[in-house]
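Q:
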Amino acid sequence: MAVIGLGRFGQSLALELMDDGVEVLGIDAREDVVQSLDGRLTHVVRADATDEQVLRQLAVPEFGRVVIAIGSDIESSILVASLLRRFAVPTIWAKAVSDAHGLILEQLGVSRVVSPEKDMGRRVAHLVRGTMQDFIEIDADFAMVKTALSPELAGTRLGDSGIRRRYGVTVTSVKHRSGAWQPATQDTVLREGDVLLVTGPVRQAERFSRSAS
1 MAVIGLGRFG QSLALELMDD GVEVLGIDAR EDVVQSLDGR LTHVVRADAT
51 DEQVLRQLAV PEFGRVVIAI GSDIESSILV ASLLRRFAVP TIWAKAVSDA
101 HGLILEQLGV SRVVSPEKDM GRRVAHLVRG TMQDFIEIDA DFAMVKTALS
151 PELAGTRLGD SGIRRRYGVT VTSVKHRSGA WQPATQDTVL REGDVLLVTG
201 PVRQAERFSR SAS
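Residues in the sequence shown are numbered from 1 upward in steps of one, following full-length UniProt numbering.
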């Protein structure tokens with residue numbers, strides 16, 4: 001996989017991929033950044049990723065997946081996206097720094113646009129105002145939430161709890177107080193101190209989480 005732009009987001013992504021055993025080509029125009037990552041990525045080069053010939057020399061058109069992690073230089077981000085589309089790279093992910101930037105990337109045909117700062121702000125807002133322990137928005141108005149079990153449900157079978165009927169969410173996994181995460185079934189007995197993973201529309205998931213407070 002190639003990661004173009006090695007700022008905080010790009011570095012974090014590239015190093016995480018390396019930890020997962022993925023070979024990573026990192027590209028950045030800053031010499032100090034490239035030097036700091038030398039030996040930590042499979043390959044890391046200082047290069048102008050807006051230059052088509054440079055990308056061809058680095059064999060970027062042969063990659064199946066490329067991430068454009070360029071930050072504030074919107075013009076460069078858009079130009080790189082255009083080049084990758086010209087190369088017919090199968091999967092292109094790109095970081096957007098604004099809604100307008102994201103819209104342009106989508107119009108160019110980028111496979112997936114991510115907005116790390118915006119997504120994190122939305123996530124923290126849900127956590128701050130509620131009783132959720134974690135919140136991941138899977139799609140528009142649909143989320144996975146980590147939350148405590150309401151004391152009133154302790155001792156009941158999941159199938160008898162009425163959670164889906166009352167709250168419109170689905171319990172997917174349960175972690176007992178001194179155990180590991182387990183897939184939830186209709187026969188799972190809910191216990192005091194349990195932590196649940198539930199999925200469902202955001203408002204319903206928030207309402208279910210508040211029931212535990």
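Every residue, glycine too, gets a C-beta built ideally from N, C-alpha and C.
Just so we're clear, the structure is a prediction, and the values are computed from it rather than from any experiment.
Just how far apart, CA to CA, sit ILE27 and SER98?
A: Cα to Cα, the separation comes out at about 23 Å.
Q: From GLN35, LYS146, VAL44, pick the residue whose C-alpha is nearest to that of GLU23; which is it?
A: The shortest Cα separation from GLU23 among GLN35, LYS146, VAL44 belongs to VAL44.
Q: Cβ atoms of GLY200 and THR170: under 8 Å apart, would you say?
A: Their beta carbons are under 8 Å apart, which means THR170 touches GLY200 by this criterion.
Q: Going by beta carbon distance, what residues of the same chain come within less than 8 Å of LEU108, once the five residues before and after it are set aside?
A: Correct list, in chain order: ILE78, ALA81, SER82, ARG85.
Q: Around the Cβ of THR50, are there at least 16 other Cβ atoms within 10 angstroms (buried) or fewer (exposed)?
A: When all chains shown are included, THR50 counts as buried.
Q: Measuring CA to CA, which of ARG191, THR156, ASP134, ASP119 is closest to ALA140?
A: The residue with the shortest Cα to Cα distance from ALA140 is ASP119.
Q: Pick helix, strand or coil for ASP119, following the three-state DSSP scheme.
A: ASP119 falls in the helix class under three-state DSSP.
Q: Whose C-beta lies closer than 8 Å to the C-beta of THR156 among residues of the same chain, with five residues either side of it excluded?
A: Answer for THR156: VAL189, LEU190, listed in chain order.
Q: Report, in whole angstroms, the separation of the C-beta atoms of VAL3 and ALA69, which I expect to be a contact under 8 Å.
A: Confirmed, Cβ separation roughly 6 Å.
Q: Grab me the residues of ALA47's own chain with a C-beta within less than 6 Å of its C-beta, minus the 5 sequence neighbours each way, in chain order.
A: Same-chain partners within the cutoff: ILE27, VAL54.
Q: Take ALA29 and list the residues in its own chain whose beta-carbon comes closer than 8 Å to its own, dropping the five residues that flank it on each side.
A: Closer than 8 Å at the Cβ level, and outside the excluded window around ALA29, lie ARG46, ALA47, ASP48, ALA49.
Q: With burial defined as no fewer than 16 other Cβ atoms inside 10 Å of the residue's Cβ, what is the status of ALA59: buried or exposed?
A: Its Cβ having fewer than 16 others within 10 Å, ALA59 is exposed.
Q: Considering only the alpha carbon of each residue, which of GLN57, ALA14, PRO61 lies closest to GLY39?
A: Per the Cα distances, ALA14.
Q: ILE74: which of LEU196, VAL67, GLN204, GLY102 sits nearest, CA to CA?
A: Taking only the C-alpha atoms, the option nearest ILE74 is GLY102.
Q: Among VAL195, ARG123, GLY5, THR42, whose alpha-carbon lies nearest the alpha-carbon of GLY21?
A: If we check each option's Cα against that of GLY21, THR42 comes out closest.
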